[in-house]
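Peer 1: Numbering (our numbering), first residue to last: 98 to 176. Cβ coordinates follow ideal geometry from the N, Cα and C atoms, glycine included. Can you read through this structure? Questions will come right after.
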């Protein structure tokens, strides 16, 4: 993924503020799932403090994280 990263803390703040236009959950490089937020005109992949891409082991765990930050809808990209 060649998108700019966004740390979980900032993603959570934007989600709770209603600033996220859309969300997609996609296959992460290697294994697992990644969350991509559209903020303004940019797509930003959620990253952790140590990794460029924050991965969730299951689609379900990624979807639960999206719901916890206040977002009710996400698109799943399986390819």
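Three-state secondary structure (DSSP) at residue 150?
Peer 2: One-based indexing of the chain shown puts residue 150 at position 53. Note: residue 150 maps to coil in three-state DSSP.
Peer 1: Count the other CB atoms, across all protein chains shown, that sit within 10 Å of the CB of residue 133; report buried if there are 16 or more and exposed otherwise.
Peer 2: Numbered from 1 along the chain shown, position 36 holds the residue referred to as residue 133. The residue is buried, with at least 16 neighbouring Cβ atoms inside 10 Å.
Peer 1: If you draw a straight line from the C-alpha of residue 139 to the C-alpha of residue 117, how long is it?
Peer 2: Numbered from 1 along the chain shown, position 42 holds the residue referred to as residue 139. Numbered from 1 along the chain shown, position 20 holds the residue referred to as residue 117. Cα to Cα, the separation comes out at about 10 Å.
Peer 1: Can you name, in chain order, every residue of its own chain whose Cβ lies under 8 Å from the Cβ of residue 172, other than the five neighbours on each side?
Peer 2: In the chain shown, the residue the question calls residue 172 occupies position 75. For residue 172, where only same-chain residues beyond five positions count, the Cβ hits under 8 Å are 119, 120, 121 and 122.
Peer 1: If you drop the 5 nearest sequence neighbours on each side, which residues of the same chain put their C-beta closer than 6 Å to that of residue 166?
Peer 2: By 1-based counting over the chain shown, the position of residue 166 is 69. Cβ neighbours of residue 166 beyond the five flanking positions: 109 and 112.
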